[in-house]
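Novice:
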Amino acid sequence: MQKGELLYEGKAKKIYRTDDPDVYLVEYKDDATAFNGLKKGTISGKGELNNRISAHFFHLLEEKGIATHFLEQVSEREMLVRTLEIIPIEVVVRNIAAGSLAKRLGLEEGTALPRPVVEYYYKSDELGDPMINDDHIAALNLATPDELAALKKTALTVNNILREYLAPRRLELVDFKLEFGRHRGKILLGDEISPDTCRFWDTRTGEKLDKDRFRRDLGGVEEAYREVWHRLAG
Ligand code: 5GP
1 MQKGELLYEG
11 KAKKIYRTDD
21 PDVYLVEYKD
31 DATAFNGLKK
41 GTISGKGELN
51 NRISAHFFHL
61 LEEKGIATHF
71 LEQVSEREML
81 VRTLEIIPIE
91 VVVRNIAAGS
101 LAKRLGLEEG
111 TALPRPVVEY
121 YYKSDELGDP
131 MINDDHIAAL
141 NLATPDELAA
151 LKKTALTVNN
161 ILREYLAPRR
171 LELVDFKLEF
181 GRHRGKILLG
191 DEISPDTCRF
201 WDTRTGEKLD
211 KDRFRRDLGG
221 VEEAYREVWH
231 RLAG
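Numbering (UniProt numbering), first residue to last: 1 to 234.
#1: Could you tell me the distance, in whole angstroms, from the CA atom of residue 119 to the CA atom of residue 74?
#2: Could you tell me the boundaries of the alpha helix (DSSP H) in which residue 145 lies?
#3: Given this structure, state the Cα-to-Cα distance separating residue 230 from residue 194, to the nearest angstrom.
#4: Report yes or no: do three or more beta-carbon pairs, one from the region 143-153 and one from the region 72-90, lie closer than 8 Å?
#5: How about residue 92 and residue 152: do their beta carbons lie closer than 8 Å?
#6: Locate the beta strand (DSSP E) running through residue 101, then write down its first and last residues.
#7: Does the distance between the C-beta of residue 211 and the nearest non-hydrogen atom of the ligand 5GP fall short of 7 Å?
#8: For residue 78 and residue 27, I'd like the C-alpha separation in whole angstroms.
#9: Give the secondary structure of residue 219 by DSSP, where H, G and I count as helix, E and B as strand, and everything else as coil.
#10: Where does residue 233 land, buried or exposed, given buried means 16+ other C-beta within 10 angstroms?
#11: Going residue by residue through the region 4-86, where are the continuous beta strand (DSSP E) segments of at least 3 residues, counting only ones entirely within it?
#12: Could you pull out every residue in the same chain whose Cβ sits closer than 8 Å to the Cβ of residue 101, ignoring the five residues on either side in sequence?
#13: How long is the line joining the alpha carbons of residue 121 and residue 96, rounded to whole angstroms?
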């Protein structure tokens, strides 16, 4: 597969065309940003680790019947994916109150939620990814009601699969963000699934093993990402 023209460079990834019009190449970068780009940094080794971790999760989800954009990992920091027309909605699923939910609702971080909470955010750097509901999604024509129902159902299924997989690896899935896109009439799970996009806490100690270490200047960022990989890879 030939790596072609650079199509898009985001905060954590670059997307290239390939010689197959149905396939893009994703390159994971070591760059990290937080708070809508206000905080910037580099986490050495992050690109390779997020590529490996995402490939691992996509593989697991495909095995369990979730349709994803993932095709194969082709190098330390690159994977091939199906092309997607991105649906500009971030779907967040939460099991434990943390981050913006804890702040918005005045809940102590770590409070277990009686059932998973699903939220939608409008993917817009300009607007700072505002939270939206199904009426806003219809008003902006971001997805049809059927598509939105499918997104929610898939996100909750992904939550069940990942929680069950992570529990014996002593990782608590606190919350995570998914993105989806359309490919030849089908909705596929896209983007990445990594410590950049999920909160993982050590089940026993509650230690944070995700991007919050970077966001909150807790130190040991690379070590945390590496620890997640070790627990997945066994
Ligand atoms: P919160 O709303 O608490 O900041 O984030 C909830 C979950 O979604 C966290 O696991 C967080 O990593 C993920 N998330 C939400 N928005 C974004 C985003 O724009 N970028 C990334 N990398 N993760 C996000």
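For each residue, glycine too, the CB sits at the ideal point set by N, CA and C.
Specialist: According to the structure shown:
#1: Approximately 33 Å between the Cα atoms of the pair.
#2: Counting along the chain, the unbroken alpha helix (DSSP H) around residue 145 starts and ends at 145-166.
#3: Answer to the nearest angstrom: the Cα atoms are 13 Å apart.
#4: yes
#5: no
#6: Here residue 101 belongs to no beta strand (DSSP E); instead the alpha helix (DSSP H) covers 99-105.
#7: yes
#8: 5 Å
#9: coil
#10: exposed
#11: Counting only runs of at least 3 residues, the region 4-86 fully encloses the following beta strand (DSSP E) elements, listed from N- to C-terminal order: 13-18, 23-28, 31-34, 39-42, 70-75, 78-82.
#12: Cβ within range, chain order: 94, 107, 117, 119, 175.
#13: 18 Å
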